[in-house]
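Protein chains in written order, with the working numbering: chain A, 454 to 585; chain B, 454 to 585.
Where a beta carbon is used, it is the ideal one built from N, C-alpha and C, also for glycine.
Down below is the structure, laid out as structure tokens.
2 protein chains.
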Amino acid sequence: MAVSIEVSALSELFPGGLFTSACPSRVILDHVTSKWGVLVLVSLKGRTLRWGELRRSVEGVSEKMLAQTLKTFERDGLVARMALPVIPPHVEYSLTARGDEVVALLHPLLTWVAANAEAILAPAPTCAPEPT
Amino acid sequence: MAVSIEVSALSELFPGGLFTSACPSRVILDHVTSKWGVLVLVSLKGRTLRWGELRRSVEGVSEKMLAQTLKTFERDGLVARMALPVIPPHVEYSLTARGDEVVALLHPLLTWVAANAEAILAPAPTCAPEPT
Numbered sequence: 454m455a456v457s458i459e460v461s462a463l464s465e466l467f468p469g470g471l472f473t474s475a476c477p478s479r480v481i482l483d484h485v486t487s488k489w490g491v492l493v494l495v496s497l498k499g500r501t502l503r504w505g506e507l508r509r510s511v512e513g514v515s516e517k518m519l520a521q522t523l524k525t526f527e528r529d530g531l532v533a534r535m536a537l538p539v540i541p542p543h544v545e546y547s548l549t550a551r552g553d554e555v556v557a558l559l560h561p562l563l564t565w566v567a568a569n570a571e572a573i574l575a576p577a578p579t580c581a582p583e584p585t
Numbered sequence: 454m455a456v457s458i459e460v461s462a463l464s465e466l467f468p469g470g471l472f473t474s475a476c477p478s479r480v481i482l483d484h485v486t487s488k489w490g491v492l493v494l495v496s497l498k499g500r501t502l503r504w505g506e507l508r509r510s511v512e513g514v515s516e517k518m519l520a521q522t523l524k525t526f527e528r529d530g531l532v533a534r535m536a537l538p539v540i541p542p543h544v545e546y547s548l549t550a551r552g553d554e555v556v557a558l559l560h561p562l563l564t565w566v567a568a569n570a571e572a573i574l575a576p577a578p579t580c581a582p583e584p585t
């Protein structure tokens with residue numbers, strides 16, 4: 454039997470009340486691991502995209518959720534929005550230096566997920582013989 | 454002006470339809486980046502915890518969400534649940550080898566968030582003089 458410990462594992466890894474519910478780190482963690490946030494950030498890795506390109510890249514995202522996600526990342530300084538003064542309007546999105554740092558940490562996670570997802574979701578092999 | 458590209462950035466980084474909406478990789482990404490999932494996995498890094506210890510570690514999680522998160526991770530083979538045949542019941546949770554792999558990828562992200570969250574959420578400095 455494992456030794457039962459009474460301390461909080463998370464607070465031992467991250468002391469000083471980090472990742473408690475009202476903590477800034479919890480807020481930013483929620484932003485960078487949000488359902489659409491991860492895909493938006495990784496989509497912008499190394500390139501500048503227009504709204505429509507970003508929306509097609511993050512397949513399945515609604516206009517509302519994409520707008521909300523981008524606004525959050527602009528406020529956090531992870532994504533830069535550039536509106537060119539042309540008609541029709543032309544708006545481009547790219548990562549900031551801070552956004553680059555996050556994507557460098559997210560990209561290996563997505564690579565792992567891409568390599569392992571099918572095996573994880575596959576039904577467990579069975580020893581029962583195939584029906585003939 | 455950046456060159457406008459018509460391809461999907463995400464599908465260029467991850468070819469073969471990865472991370473499209475019905476894809477296994479999208480499902481598993483949602484699991485390992487879920488609001489509580491990240492904190493549950495990182496809490497179990499290098500240790501075995503009982504239900505109550507885990508719940509205190511992931512401060513703010515409801516019983517329902519913790520149960521749901523653990524069930525998903527058991528099904529995905531990321532977390533192992535061990536029920537000891539004692540009275541009162543004693544259930545322990547730990548990472549599997551596959552769970553260890555995910556945590557090795559999540560931990561640097563949380564470390565970055567812990568180091569940067571306050572600066573991200575701090576109000577931007579202003580040049581206006583302090584009111585006297």
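Item	Value
Does the beta carbon of P558/B come closer than 7 Å to any beta carbon on chain A?	Note that residue 558/B corresponds to Leu in the displayed sequence, not to Pro. Yes, contact with chain A.
Considering just the uninterrupted stretch of the beta strand (DSSP E) at S547/B, what are its terminal residues?	H543 to L548
Give, in chain order, every residue of the stretch 488 to 507 of chain A whose Cβ lies closer than 9 Å to some Cβ of chain B.	K488, G490, V491, L492, V495, S496, L497, K498, G499, R500, T501, L502, R503, E506 and L507
Per DSSP, L559/A is paired with what?	Paired residue(s): none; L559/A is not in a bridge.
With distances taken between CB atoms, is the gap from L558/A to L562/B smaller than 7 Å?	yes
Work out the CA separation of S478/A and A568/B for me, nearest whole Å.	8 Å
So that I know if they touch, is there some Cβ in chain A lying closer than 7 Å to that of G470/B?	no
If you drop the 5 nearest sequence neighbours on each side, which residues of the same chain put their C-beta closer than 7 Å to that of R551/A?	G530 and L531
Can you give me the start and stop residues for the alpha helix (DSSP H) that L507/A sits inside?	W504 to S510
Check the Cβ of D529/B against every Cβ in chain A and list those closer than 7 Å, keeping chain order.	I573
Is the beta carbon of T549/B closer than 7 Å to that of H484/B?	no
On the three-state DSSP scale, how would you describe V539/A?	coil
If you measure between the beta carbons of L497/A and V555/A, is that distance less than 7 Å?	no
Whole angstroms are fine: how far does the CA of R500/A sit from the CA of G469/B?	20 Å
With 7 Å set as the bound, which would you pick, yes or no: does the beta-carbon of V514/A sit closer than that to a beta-carbon of chain B?	no
Give the interface partners of P561/A over in chain B, defined as CB-CB distance under 7 Å, in chain order.	L558
Only counting the same chain, and skipping five residues up and downstream in sequence, which positions put a Cβ closer than 6 Å to that of L492/A?	V511
Tell me P533/A's beta-bridge partners as DSSP assigns them.	In the sequence under discussion, the amino acid at residue 533/A is Ala, which differs from the Pro named in the question. According to DSSP, which records beta bridges pairwise, A533/A is partnered with S547/A.
Using the C-alpha atoms, what's the distance from M535/A back to L502/A?	10 Å
Give me the Cα-Cα distance between G490/A and R509/A, rounded to the nearest whole angstrom.	15 Å
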